[in-house]
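J.: This is the structure I have questions about; it appears just below.
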Ligand code: PBG
């Protein structure tokens, strides 16, 4: 009986050669589904290497334009922009974030003027602008949810006004998507997409990012009071549903690799595209392994495929450019 089944069913038939493997493959790594995060400084004249992320740079305004041009030429058409703001522009409330002609808003309109085909994603969170490094406004000994919402809606409207295609609230304040959606409608930005970081876990994997944007926390309050608890999965589905009800178009899970189950769960339970963010610490881990020759570069597509297999629609990854450069060899 068993023997019979074995002769009929030989899964290895479908693994015989690359052509057959390609024909029966269930997922594919499309470069059109990758988003490159880019760091940009408001004060540097040249790009600077980021020590904890070998191969990634803190761009100057000038090198950012060159980089975007290269990415578009390679077929990477979307980028997520993260500013490193000079300390002298930071304060306790992140006031600089509210100015409609701040560094990021100006940059967004200049980028869109130069590259109209570029899809530009901008973070909506106060951490680049607060001297505490927190994503919101501190009142007493708490990052105050409702005070922060007032800033986030203004920030999102300014970014939409400047030409951002997608605004991405990454702060994890309650009710922010609803407030931002309402504000965008009021200001006639009805087509601005909200990509909500719905399941953003409090994670050690953001360390290198905080080096890059200079948002190391100096105050005692923990981001655990607003980012999600790593022990929870059901709560991620609840956050996703809430964000969708409030008007989000796309949901995000972050970090990526340690949270593949969350991607699977949300994408199977909720009717919206789910993006994954392969964050700075995941990049650092992989790249240090590659540089030390512990892994071959094949580890990169392997990790990216895992996101698509889990149900991601797209992936934000520091490897987007690398994939595009090596596309013919890996796809
Ligand atoms: C902050 C923000 C963070 C990241 C994206 N937006 C860090 C944080 O919450 O402290 C992390 C991305 C990465 O690690 O690559 N709003």
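In my numbering, the protein residues as written are 329 to 659. Even for Gly, the Cβ is constructed at its ideal location relative to N, Cα and C. The model shown is predicted, which means the values in this text are computed figures rather than measured ones.
Using C-beta distances below 8 Å, list every residue in its chain close to residue 488, excluding the 5 sequence neighbours before and after it, in chain order.
T.: Start at 1 with the first residue of the chain shown, and residue 488 comes out as number 160. Within the same chain, residue 488 has close Cβ partners 495, 512, 515, 517 and 520.
J.: With a Cβ-Cβ cutoff of 8 Å, do residue 652 and residue 581 count as a contact?
T.: For the purposes of this step, residue 652 is taken as residue 324 along the chain shown, with counting starting at 1. For the purposes of this step, residue 581 is taken as residue 253 along the chain shown, with counting starting at 1. Cβ distance not < 8 Å, so residue 652 and residue 581 don't count as in contact.
J.: Does the contact criterion of 3 or more C-beta pairs under 8 Å hold for the segment 417–436 versus the segment 455–463?
T.: Yes, the segment 417–436 is in contact with the segment 455–463.
J.: Just the C-alpha distance for residue 352 and residue 568, rounded to the nearest angstrom, thanks.
T.: As a first step, residue 352 must be located in the chain shown, where it is residue number 24. As a first step, residue 568 must be located in the chain shown, where it is residue number 240. Distance between the alpha carbons of residue 352 and residue 568: 32 Å.
J.: Counting only the same chain and skipping the five closest in sequence on each side, list residues whose C-beta sits under 7 Å from that of residue 482.
T.: In the chain shown, the residue the question calls residue 482 occupies position 154. Counting only Cβ-Cβ distances below 7 Å, and skipping sequence neighbours, we find 426.
J.: Using a Cβ-Cβ cutoff of less than 8 Å, which residues in the same chain neighbour residue 408 once the five nearest sequence positions on both sides are dropped?
T.: By 1-based counting over the chain shown, the position of residue 408 is 80. Taken in chain order, the residues that qualify are 363, 364, 365, 366, 449, 450, 451, 496 and 644.
J.: Of all the alpha helix (DSSP H) runs that stay within the bounds of the segment 529–608, which reach a length of 4 or more residues?
T.: Listed in chain order, they are 535–541, 562–574 and 588–597.
J.: Could you give the DSSP three-state label for residue 635: helix, strand or coil?
T.: Position 307 of the chain shown, counted from the start, is the residue given in the question as residue 635. Three-state DSSP puts residue 635 in a helix.
J.: What is the residue span of the alpha helix (DSSP H) that residue 387 lies within?
T.: Taking the first residue of the chain shown as position 1, residue 387 is located at position 59. Residue 387 -> not in any alpha helix (DSSP H); beta strand (DSSP E) instead, spanning 385–387.
J.: Whose CA, out of 413, 621 and 396, lies closest to the CA of residue 371?
T.: One-based indexing of the chain shown puts residue 371 at position 43. Checking every option, the nearest Cα to that of residue 371 belongs to 413.
J.: Are any of the Cβ atoms in chain C nearer than 8 Å to that of residue 431?
T.: In summary, chain C is missing from the structure at hand, where a single protein chain is found.
J.: Could you name the residues of the same chain whose beta carbon sits closer than 6 Å to that of residue 502, not counting the 5 residues immediately before and after it, in chain order?
T.: Mapped onto the chain shown, residue 502 falls at position 174. Correct list, in chain order: 473.
J.: So does residue 635 have its beta carbon nearer than 7 Å to some heavy atom of the ligand PBG?
T.: Locating residue 635 in the chain shown gives position 307, where the first residue counts as 1. No.
J.: Take every Cβ of the segment 523–539, pair it with every Cβ of the segment 571–581, and state whether three or more of those distances are shorter than 8 Å.
T.: Output reads yes: the segment 571–581 touches the segment 523–539.
J.: List the whole-angstrom C-beta distance separating residue 463 from residue 419, where the pair is believed to meet the contact cut-off of C-beta under 8 Å.
T.: Counting from one through the chain shown, the residue named residue 463 turns up at place 135. Counting from one through the chain shown, the residue named residue 419 turns up at place 91. Contact doesn't hold; Cβ gap of about 15 Å is too wide.
J.: Taking the straight line between their C-alpha atoms, what separation do you get for residue 585 and residue 470?
T.: The sequence position of residue 585 within the chain shown is 257, counting from 1. The sequence position of residue 470 within the chain shown is 142, counting from 1. Taking the straight line from one Cα to the other gives about 30 Å.
J.: Residue ranges of each alpha helix (DSSP H) run of no fewer than 4 residues wholly in the segment 395–467, ordered along the chain?
T.: Complete alpha helix (DSSP H) runs here, min 4: 431–442.
J.: I believe residue 383 touches residue 615 by the beta-carbon criterion, under 8 Å. Please report the beta-carbon distance rounded to the nearest angstrom.
T.: Here the question's residue 383 lines up with position 55 in the chain shown. Here the question's residue 615 lines up with position 287 in the chain shown. Right, the Cβ-Cβ distance comes to about 6 Å (below 8 Å), so this counts as a contact.
J.: So, for residue 624: in the same chain, excluding its five sequence neighbours on each side, which residues have a beta-carbon less than 8 Å away from its beta-carbon?
T.: Against the chain shown, residue 624 aligns to sequence position 296. These residues qualify, in order along the chain: 618.
J.: Examine the ligand PBG and report whether any of its heavy atoms sits within less than 7 Å of the Cβ of residue 490.
T.: Walking along the chain shown from the start, residue 490 turns up at place 162. No, Cβ of residue 490 sits at least 7 Å from all heavy atoms of the ligand PBG.
J.: Can you say whether residue 391 is buried or exposed, counting buried as having 16 or more other CB atoms within 10 angstroms of its CB?
T.: The residue you call residue 391 lines up with position 63 of the chain shown. With 16 or more Cβ atoms within 10 Å of its Cβ, residue 391 is classed as buried.
J.: Evaluate residue 476 with the Cβ neighbour count: other Cβ atoms within 10 Å of its Cβ, from every protein chain shown; 16 or more gives buried, anything less gives exposed.
T.: Start at 1 with the first residue of the chain shown, and residue 476 comes out as number 148. With 16 or more Cβ atoms within 10 Å of its Cβ, residue 476 is classed as buried.
J.: Using the Cα positions of residue 541 and residue 335, report the straight-line distance between them to the nearest angstrom.
T.: As a working mapping, residue 541 is identified with position 213 in the chain shown. As a working mapping, residue 335 is identified with position 7 in the chain shown. Distance between the alpha carbons of residue 541 and residue 335 is about 58 Å.
J.: Is any heavy atom of the ligand PBG found at a distance shorter than 7 Å from the C-beta of residue 607?
T.: Residue numbering aside, residue 607 sits at position 279 when the chain shown is read from its first letter. Yes, the Cβ of residue 607 comes within 7 Å of a heavy atom of the ligand PBG.
J.: Using C-beta distances below 7 Å, list every residue in its chain close to residue 406, excluding the 5 sequence neighbours before and after it, in chain order.
T.: If you number the chain shown from 1, residue 406 lands on position 78. Excluding sequence neighbours, residue 406 sits near 363, 447 and 449.
J.: Span of the alpha helix (DSSP H) holding residue 348?
T.: In the chain shown, residue 348 corresponds to position 20, counting from 1. 346–352 is the extent of the alpha helix (DSSP H) around residue 348.
J.: Would you identify the three-state DSSP class for residue 655, choosing helix, strand or coil?
T.: For the purposes of this step, residue 655 is identified with residue 327 of the chain shown, where counting begins at 1. The answer is helix: DSSP assigns residue 655 an H, G or I state.
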